Amino acid sequence: MLSIKDLYASVEGNQILKGLSLSVKAGEVHAIMGPNGSGKSTLSKVVAGHPQYAVDSGSIDLEIAGKMTSLIGMEPDERAREGLFLAFQYPVEIPGVPTSEFLRSSYNAVCRHHGLEEMDPIDFDGFLREKMKVLEMDDKYIDRAVNVDFSGGEKKRNEILQMAVLNPRLAVLDETDSGLDVDSMKIVAHGVNTLRSKRNAMVVITHYQRLLNYIKPDIVHVLHQGRIIKTAGPELALEVETRGYDWLIK
Amino acid sequence: MTDPKPLTTSQVIRIPPHKKAGDVLRVPSSATDVLIHLEAGAEVAVVLSIAVGLPTSQVSVVLEDGARLELLRMINPGVAFACESRLQVRQAANSSLRSFFVTKGGNAVRDHVNILLEGQGSEAFLNGLHHLAGDAEAESHTLVDHAAPSTMSNQLYKSILRDKSHSVFNGKIMVRREAQLTNSYQLNKNLLLSSEARVDTKPQLEIFADDVKCSHGATIGQLDDEQMFYLQTRGMDRALAGEMLIHGFIEDVLDQIKDVRLRQEVEAVLQGDVGYV
Numbered sequence: 169m170l171s172i173k174d175l176y177a178s179v180e181g182n183q184i185l186k187g188l189s190l191s192v193k194a195g196e197v198h199a200i201m202g203p204n205g206s207g208k209s210t211l212s213k214v215v216a217g218h219p220q221y222a223v224d225s226g227s228i229d230l231e232i233a234g235k236m237t238s239l240i241g242m243e244p245d246e247r248a249r250e251g252l253f254l255a256f257q258y259p260v261e262i263p264g265v266p267t268s269e270f271l272r273s274s275y276n277a278v279c280r281h282h283g284l285e286e287m288d289p290i291d292f293d294g295f296l297r298e299k300m301k302v303l304e305m306d307d308k309y310i311d312r313a314v315n316v317d318f319s320g321g322e323k324k325r326n327e328i329l330q331m332a333v334l335n336p337r338l339a340v341l342d343e344t345d346s347g348l349d350v351d352s353m354k355i356v357a358h359g360v361n362t363l364r365s366k367r368n369a370m371v372v373i374t375h376y377q378r379l380l381n382y383i384k385p386d387i388v389h390v391l392h393q394g395r396i397i398k399t400a401g402p403e404l405a406l407e408v409e410t411r412g413y414d415w416l417i418k
Numbered sequence: 003m004t005d006p007k008p009l010t011t012s013q014v015i016r017i018p019p020h021k022k023a024g025d026v027l028r029v030p031s032s033a034t035d036v037l038i039h040l041e042a043g044a045e046v047a048v049v050l051s052i053a054v055g056l057p058t059s060q061v062s063v064v065l066e067d068g069a070r071l072e073l074l075r076m077i078n079p080g081v082a083f084a085c086e087s088r089l090q091v092r093q094a095a096n097s098s099l100r101s102f103f104v105t106k107g108g109n110a111v112r113d114h115v116n117i118l119l120e121g122q123g124s125e126a127f128l129n130g131l132h133h134l135a136g137d138a139e140a141e142s143h144t145l146v147d148h149a150a151p152s153t154m155s156n157q158l159y160k161s162i163l164r165d166k167s168h169s170v171f172n173g174k175i176m177v178r179r180e181a182q183l184t185n186s187y188q189l190n191k192n193l194l195l196s197s198e199a200r201v202d203t204k205p206q207l208e209i210f211a212d213d214v215k216c217s218h219g220a221t222i223g224q225l226d227d228e229q230m231f232y233l234q235t236r237g238m239d240r241a242l243a244g245e246m247l248i249h250g251f252i253e254d255v256l257d258q259i260k261d262v263r264l265r266q267e268v269e270a271v272l273q274g275d276v277g278y279v
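Read top to bottom, the protein sequences are chains A and B.
Sequential numbering of the first sequence, starting at 169, is according to this note's numbering.
Sequential numbering of the second sequence, starting at 3, is according to this note's numbering.
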């Protein structure tokens with residue numbers, strides 16, 4: 169599904185990723201853990217195609233229509249329409265744009281690309297409410313402007329709702345647990361677990377093991393200084409929880 | 003070729019006391035000199051389209067006690083020469099004005115708005131939208147004169163500027179000594195969509211009373227990169243994402259139009275350049 173090989177990437181001239189490799193198959197959930205400054209958020213931005221992040225060398229390939237295809241040079245919106253989703257650590261506020269309208273435009277952009285029928289506001293409203301019910305989410309904020317005056321928890325839940333609407337094949341969740349209380353985290357985790365399937369894959373980036381009590385990963389990686397220094401099963405997350413990162417770094 | 007007939011005509015709209023006109027009144031586009039007089043307690047919504055062929059448009063408004071007017075003035079797309087428009091308003095006690103000025107196109111448009119709040123408790127909402135492309139220029143000059151106590155004014159003017167277009171906002175609030183307990187706000191926001199577009203903005207306050215609340219400000223910005231990236235990661239291409247952000251930018255101005263029919267009229271004019279797919 170996703171193959172990253174020997175990736176070097178920079179932001180504003182500072183090289184952050186230094187030889188990162190990662191391979192994710194359909195049906196898998198990977199957790200990427202690491203101390204602050206290890207390159208976790210850079211990885212998510214580079215994969216999504218943020219214009220300020222430059223790939224210096226290496227490759228990022230996503231399976232598109234059954235074929236591994238390079239994402240480098242592809243616009244963020246093309247990547248999204250091909251089934252890549254990034255849940256933001258800090259979801260962006262869009263004043264003046266109602267959440268429901270934003271979600272519908274997003275959904276229809278993906279549908280158009282795949283030659284599927286677009287939805288009008290009435291049908292989409294029904295579709296959206298159904299998704300929110302499955303995710304056990306409150307519908308009070310869908311008429312408000314995107315992320316404006318949302319609490320931290322509402323913003324993160326909104327990210328998961330977007331993921332449910334777009335139904336991506338590969339989702340990257342960038343520190344979705346940061347700033348969440350336990351109740352919000354359970355709702356977010358429930359959403360993620362509901363969307364998990366044999367046909368999609370997820371990369372969960374997190375600083376803490378906490379979220380992984382609710383979202384069980386198949387594979388855990390530790391990122392340090394821009395590369396993956398350890399890969400193991402879910403037990404690695406627990407070990408990091410009790411022992412910290414120092415034993416891995418030394 | 004024969005000379006065209008003179009287009010200048012005068013038009014008087016008078017609404018009797020306490021009459022609440024249900025229909026939107028449309029001023030014929032041939033009228034260049036309009037008087038709108040609302041007697042005490044009258045209410046009406048008026049649309050005035052400033053059409054091709056008219057170099058000037060003068061609108062005078064008198065609002066008697068408790069009268070309420072919502073007025074939309076639009077410079078029609080395709081006005082291909084200089085155009086000067088003027089709105090002059092006198093407001094008695096507890097009267098309310100909601101004014102909306104929109105220009106889309108027009109080579110050189112200059113609009114003057116003069117509001118005299120001479121009755122206690124009167125209020126004026128002044129809103130404007132300059133939506134410009136090519137080498138179009140639009141100027142809005144406003145003067146709000148608070149001459150009575152407990153008066154309120156709120157100005158929100160926004161510009162969307164493409165290509166080499168140029169927008170000017172020159173707004174002045176005057177609060178006289180007797181106009182205690184006045185609230186007055188003024189904001190001009192500009193969105194530059196081209197490196198060659200220009201803005202001149204000059205919000206001004208002149209306050210002689212001591213118990214007032216006033217604020218004014220101006221911003222000039224471009225489409226936000228992080229907002230653009232966010233929308234792109236949701237599958238929208240740059241063109242669609244840009245439209246969405248522009249629509250978001252003007253949403254609060256459009257929200258100032260309380261009459262749904264007037265709002266639809268403005269949205270129809272903006273359609274094609276701004277709006278969701």
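C-beta: ideal position from N, C-alpha, C; glycine also.
As the structure is a prediction and not an experimental result, all values here were calculated from the model.
Residues of chain B with a CB under 8 Å from the CB of residue i: which are they?
i                      : result
residue 170 of chain A : Simply none; closest approach about 16 Å.
residue 249 of chain A : 237
residue 334 of chain A : 236, 237
residue 277 of chain A : 236, 237, 238, 239, 242
residue 254 of chain A : 235
Taking all protein chains shown into account, decide if residue i is buried (16 or more other Cβ within 10 angstroms of its Cβ) or exposed.
i                      : result
residue 412 of chain A : exposed
residue 1 of chain B   : Since the displayed chain B opens at 3 and closes at 279, residue 1 of chain B lies outside it and no answer follows.
residue 197 of chain A : buried
residue 336 of chain A : buried
residue 197 of chain B : exposed
residue 285 of chain A : exposed
residue 148 of chain B : buried
residue 240 of chain A : exposed
residue 302 of chain A : exposed
residue 169 of chain A : buried
residue 241 of chain B : exposed
residue 182 of chain A : exposed
residue 259 of chain A : buried
residue 6 of chain B   : Caution applies to residue 6 of chain B, whose pLDDT of 46 falls short of 50 and renders its modelled position unreliable; the model cannot decide the point.
residue 20 of chain B  : exposed
residue 279 of chain B : A caution first: residue 279 of chain B carries a pLDDT of 27, below 50, which makes its placement in the model too unreliable to give a value.
residue 8 of chain B   : Because the pLDDT at residue 8 of chain B is just 47, under 50, the model does not fix this residue reliably, and the value given afterwards should be weighed accordingly. Exposed, because fewer than 16 other Cβ atoms sit within 10 Å of the Cβ of residue 8 of chain B.
Determine whether the beta carbon atoms of residue i and residue j lie at a separation below 8 Å.
i                      : j                      : result
residue 225 of chain A : residue 238 of chain A : no
residue 48 of chain B  : residue 88 of chain B  : no
residue 109 of chain B : residue 159 of chain B : no
residue 168 of chain B : residue 139 of chain B : yes
residue 129 of chain B : residue 97 of chain B  : no
residue 133 of chain B : residue 105 of chain B : yes
residue 174 of chain B : residue 141 of chain B : no
residue 253 of chain A : residue 331 of chain A : yes
residue 125 of chain B : residue 150 of chain B : no
residue 238 of chain B : residue 274 of chain A : yes
residue 401 of chain A : residue 383 of chain A : no
residue 244 of chain A : residue 235 of chain B : yes
residue 120 of chain B : residue 93 of chain B  : yes
residue 214 of chain A : residue 190 of chain A : no
residue 340 of chain A : residue 299 of chain A : no
Taking Cβ-Cβ distances shorter than 7 Å, what residues in chain B pair up with residue i?
i                      : result
residue 330 of chain A : 236
Residue i touches chain A at which residues, Cβ-Cβ below 9 Å?
i                      : result
residue 2 of chain B   : Outside the modelled stretch of chain B, which goes from 3 to 279, sits residue 2 of chain B, for which no answer is possible.
residue 127 of chain B : Neighbours of residue 127 of chain B on chain A: none; closest Cβ ~18 Å, over 9 Å.
How would you list, in chain order, the residues of chain A whose beta-carbon sits under 7 Å from the beta-carbon of residue i?
i                      : result
residue 251 of chain B : 264
residue 228 of chain B : 260
Along chain B, which residues have their Cβ under 9 Å away from the Cβ of residue i?
i                      : result
residue 268 of chain A : Near residue 268 of chain A there are no residues of chain B at all, since even the closest Cβ is about 11 Å away, more than 9 Å.
With a threshold of 8 Å between beta-carbons, can residue i be considered close to chain E, or not?
i                      : result
residue 225 of chain A : Structure shown: chain E not included; protein chains present are A and B.
Original post:
Taking the runs of the beta strand (DSSP E) that are 3 residues or longer, which of them lie wholly in the segment 89-159 of chain B?
Top reply: 98-106, 110-119, 125-134, 139-148
Original post:
Okay, do the segment 353-367 of chain A and the segment 378-392 of chain A touch, 3+ Cβ pairs below 8 Å being the bar?
Top reply: yes
Subject >> Start-end ranges of the alpha helix (DSSP H) lying completely within the segment 192-217 of chain A, minimum 4 residues >> reply: 208-216
**OP:** Determine contact between the segment 248-257 of chain B and the segment 259-267 of chain A, defined as no fewer than three beta-carbon pairs at a distance below 8 Å.
**Re:** yes
Original post:
Are the segment 216-223 of chain A and the segment 286-299 of chain A touching, with three or more C-beta to C-beta distances below 8 Å?
Top reply: no
**OP:** Say whether the segment 64-80 of chain B touches the segment 32-47 of chain B, bearing in mind that this needs 3 or more beta-carbon pairs closer than 8 Å, one atom from each stretch.
**Re:** yes
**OP:** Take every Cβ of the segment 197-212 of chain A, pair it with every Cβ of the segment 361-376 of chain A, and state whether three or more of those distances are shorter than 8 Å.
**Re:** yes
Original post:
Can you give, in chain order, each stretch of the beta strand (DSSP E) that sits fully within the segment 263-344 of chain A and has at least 3 residues?
Top reply: 338-342
Original post:
Does the segment 200-212 of chain B come close enough to the segment 226-241 of chain B to have 3 or more Cβ pairs within less than 8 Å?
Top reply: no
Original post:
Is it true that the segment 181-196 of chain A meets the segment 362-371 of chain A, where meeting means three or more beta-carbon pairs spaced less than 8 Å apart?
Top reply: yes
Original post:
Are the segment 335-353 of chain A and the segment 311-325 of chain A touching by the rule of at least three beta carbon pairs closer than 8 Å?
Top reply: yes
Original post:
Of all the beta strand (DSSP E) runs that stay within the bounds of the segment 200-273 of chain B, which reach a length of 3 or more residues?
Top reply: 200-209, 214-223
Original post:
Is it a yes or a no for the segment 257-269 of chain B touching the segment 244-253 of chain A, going by three-plus beta-carbon pairs under 8 Å?
Top reply: no
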